[in-house]
Structures are given as structure tokens and as C-alpha cells.
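S.K.: Quick note on numbering: my numbering labels position 30 of the sequence shown as 994, and the sequence is numbered without any gaps.
My questions will all concern the structure given below.
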Amino acid sequence: LMMFFLASLAGLPPTAGFMGKFFLFTSVIEQGMAWLIVIALVMTIVSLYYYLRVIKTMFWGEPPSDTAVPMSNSVNATLTICMLFVILLGVYPALVYDWAAIAVKAFMPF
965 LMMFFLASLA
975 GLPPTAGFMG
985 KFFLFTSVIE
995 QGMAWLIVIA
1005 LVMTIVSLYY
1015 YLRVIKTMFW
1025 GEPPSDTAVP
1035 MSNSVNATLT
1045 ICMLFVILLG
1055 VYPALVYDWA
1065 AIAVKAFMPF
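Structure follows, in C-alpha cells:
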């Protein structure tokens, strides 16, 4: 589950983080500031490096203690539901796009 959340933070498809970056980059290009995308892409690569280090530590690192901390079924279910929503919003962002557009128009009427 953690890998899906880190993929969303990095902006990898098909996650909600990818769609967020896609809409942000589209807006930046429309405003004529494409140089910001270059900076954002470089920083995305840097952040991806750190996220991959976390994944490497999770799977191949030494555990801090011999006892594993059990997670309850409710925690597992909650995290799984959150992961499904992250993927669902990445594949079908229109679920919240219309609501977000209405909210933006309310705060920025120009």
C-alpha cells in the first residue's frame, strides 16, 4: 500500500498525483511559463529518488526490532480504500474535477 501512496506523491500514472501534476503543468503552459515545468520535473526526479530509497528500506532494509507491529483489519481496510480512491481519481479524475472547478470559480471570480 505504501508503494501506491509514494507513487502518487511522485506523480506517477495512474494515480491521483499524476493527474494533479498534469493539470498543474497544463495551467503553467497556458500561462506561458514553461520554464517552471523544467524545474518541477527536476524536483520530481529528486523526490522519486527519495521515495525509491524508502521502498528499498521497506523491502531490503534491516527491521528496527525483532517484533513486528500487527495492524488491525480496520486499519488495513481503511488504507486499502484510500489506495483505491487514489487510483480511481488517477484513472477517472472527472469525479472531483467538476466540484473543484466550481470551488475555484467561487474563490477566484476573474
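The C-beta atom is built at its ideal place from N, Cα and C for all residues, glycine as well.
Predicted, not measured: the structure shown is a model, and the values here were computed from it.
Taking DSSP as the reference, what is the three-state secondary structure of Gly984?
M.R.: Residue 984 sits at position 20 when you count from the first residue of the sequence shown. Helix.
S.K.: Grab me the residues of Ala980's own chain with a C-beta within less than 6 Å of its C-beta, minus the 5 sequence neighbours each way, in chain order.
M.R.: Translated into positions along the sequence shown, residue 980 becomes position 16. So the qualifying residues of the chain are Ser972, Val1050, Leu1053 and Gly1054.
S.K.: Does Phe1023 pass the burial test, meaning 16 or more other C-beta atoms within 10 Å, or should it be called exposed?
M.R.: Within the sequence shown, residue 1023 is the residue found at index 59, counting from 1. Counting the other Cβ atoms within 10 Å of the Cβ of Phe1023 gives fewer than 16, which makes it exposed.
S.K.: Give me the Cβ distance between Thr1008 and Gly984, rounded to the nearest whole Å; I'm assuming they're in contact under 8 Å.
M.R.: Position 44 of the sequence shown, counted from the first residue, corresponds to residue 1008. Position 20 of the sequence shown, counted from the first residue, corresponds to residue 984. No, Thr1008 and Gly984 are not in contact; Cβ-Cβ is about 12 Å, not under 8 Å.
S.K.: Tell me which residues share the same chain as Pro1057 and place their Cβ nearer than 6 Å to its Cβ, disregarding the 5 neighbours each side in the sequence.
M.R.: Along the sequence shown, read from residue 1 onward, the residue named residue 1057 stands at position 93. Excluding residues within five positions, the ones whose Cβ falls inside 6 Å are Met983.
S.K.: By how many angstroms is the C-alpha of Val1039 removed from the C-alpha of Ala1067?
M.R.: Along the sequence shown, read from residue 1 onward, the residue named residue 1067 stands at position 103. Along the sequence shown, read from residue 1 onward, the residue named residue 1039 stands at position 75. Roughly 31 Å between the two C-alpha positions.
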